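First up is the structure itself, then whatever we jot down about it.
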């Protein structure tokens with residue numbers, strides 16, 4: 011999952027290569043702007059094969075409720091929808107964070123890594139119908155829609171807090187070493203990251 015997040019933060023997405031590594035993302039607390047996540051959804055054919063732009067905005071607002079007037083405007087003025095409609099050649103266009111011209115303050119929601127995982131989990135919960143249970147929904151979403159490879163051993167018992175604890179302390183089992191080697195297009199399916207969101211997602215939707 012860290013590979014997917016790293017690939018789609020805008021500095022890397024805009025140049026098509028890794029200019030900011032996973033360790034740098036952790037150290038500098040780098041975030042993903044909302045329109046970069048939209049790009050991910052388009053590259054992975056989630057829109058319109060799995061959900062529409064209105065649903066994506068709803069899930070994003072559930073994950074990132076507005077905490078400023080600018081973020082409120084982002085949702086009420088349907089900025090995400092406008093970006094989707096206007097970006098006809100999304101494979102070649104760049105994403106630059108929307109900032110106030112005077113203050114430099116961000117004018118759009120941004121995702122930290124744990125929020126990125128949570129948003130993907132919401133999409134899986136509401137849009138995957140191949141299973142009735144959350145573990146199955148997440149498994150099918152990550153493998154069939156995001157093209158992850160399934161690992162031999164699955165650990166379905168980690169809860170959301172345990173996943174975050176492993177991520178924060180740098181547990182080598184929770185992600186790979188962040189080396190400079192080229193990454194596979196098909197990531198390995200990391201069960202502790204995918205299934206660790208279950209409790210937090212279920213708390214929100216029930």
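Residue numbers (our numbering): 11 to 216. Virtual Cβ for every residue (Gly too), placed ideally from N, Cα, C. These numbers come from a predicted model, not from an experiment.
Residues near residue i by beta carbon distance below 8 Å, same chain, minus five either side
i, result
"residue 39", "122"
"residue 68", "none"
"residue 105", "20, 23, 24, 43, 45, 46, 49"
Residue i, DSSP secondary structure in three states
i, result
"residue 70", "helix"
"residue 60", "coil"
"residue 14", "helix"
"residue 90", "helix"
"residue 19", "coil"
"residue 195", "Any answer about residue 195 is weak, because its pLDDT of 41 lies below 50 and its placement is not dependable; what the coordinates show is given next. DSSP places residue 195 in coil when its eight states are reduced to three."
"residue 104", "coil"
Start and end residues, alpha helix (DSSP H) containing residue i
i, result
"residue 150", "144-150"
"residue 133", "123-137"
heavy atom of the ligand PLP below 8 Å from residue i C-beta
i, result
"residue 39", "No copy of the ligand PLP appears in this structure; indeed no ligand is present at all."
Beta-carbon gap between residue i and residue j smaller than 9 Å
i, j, result
"residue 66", "residue 90", "yes"
"residue 119", "residue 74", "yes"
"residue 94", "residue 63", "yes"
"residue 155", "residue 56", "yes"
"residue 103", "residue 110", "no"
"residue 135", "residue 100", "no"
Cβ shell of residue i (< 7 Å), same chain only, five flanking positions each side left out
i, result
"residue 28", "16, 22"
"residue 125", "73, 74"
"residue 231", "An answer regarding residue 231 cannot be provided, because it is not within the stretch 11 to 216 covered by the chain."
"residue 142", "none"
Sequence-distant residues of its chain with Cβ nearer than 6 Å to residue i (five each side left out)
i, result
"residue 10", "The requested residue 10 does not occur in the structure, where the chain is confined to residues 11 to 216."
"residue 137", "60, 61"
"residue 80", "117"
Give the list of continuous alpha helix (DSSP H) stretches no shorter than 4 residues that lie fully inside the segment 21-63.
The qualifying runs are 32-38, 44-53.
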